[in-house]
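See structure below.
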Amino acid sequence: WPPLAPSTTALFSASILDEICKIDPNKITNSIHHRVRELNLKLKKIKSQKLKISKSKKYLEKSIERSLLIREISKELQELALKISKLHDKVIMPDIKNAVSLANAAGKSALENIKINKSMLAKLK
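Taking this note's numbering, I'd label the letters of the sequence shown as residues -4 to 120.
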């Protein structure tokens, strides 16, 4: 399976965190906001890269690589959300929790893609 759903879900998480950082930039450090923006751009780039779906070794390896990257980004988004939650008002917590949930779902979905594609790759060998 192409890792499109995990990248979209992670992108939603990053977008929510980016908007939270913009609400009151005095409360969020520049380094956190900068990293959120970097991850947002990275996810947009991943999402825009189209892979022609196939059962070839090259496709499966590239798909696994993308899913691993999305999984790493998702973990980092969760960590950044935790940092933001400590710096921001409690009124914004529902949005932060949504961002964490989306990042978590993206990571789980990416992991499932990795398992499926590794299984398919093993059958090719």
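Backbone N, C-alpha and C fix where the C-beta goes; we use that ideal spot for every residue, glycine too.
(message) Can you look up P1 in the DSSP assignment and give me helix, strand or coil?
(response) Helix at P1.
- Count the other CB atoms, across all protein chains shown, that sit within 10 Å of the CB of I48; report buried if there are 16 or more and exposed otherwise. exposed
Comparing C-alpha positions only, which one of T4, I23, S96 sits nearest to K42?
T4
Please classify H83: does DSSP put it in a helix, a strand, or coil?
-> coil
Check your understanding: DSSP on I48, reduced to helix/strand/coil?
Key -> coil
Could you name the residues of the same chain whose beta carbon sits closer than 8 Å to that of Y54, not counting the 5 residues immediately before and after it, in chain order?
L46, K47, I48
- Task: Evaluate V95 with the Cβ neighbour count: other Cβ atoms within 10 Å of its Cβ, from every protein chain shown; 16 or more gives buried, anything less gives exposed.
- Result: buried
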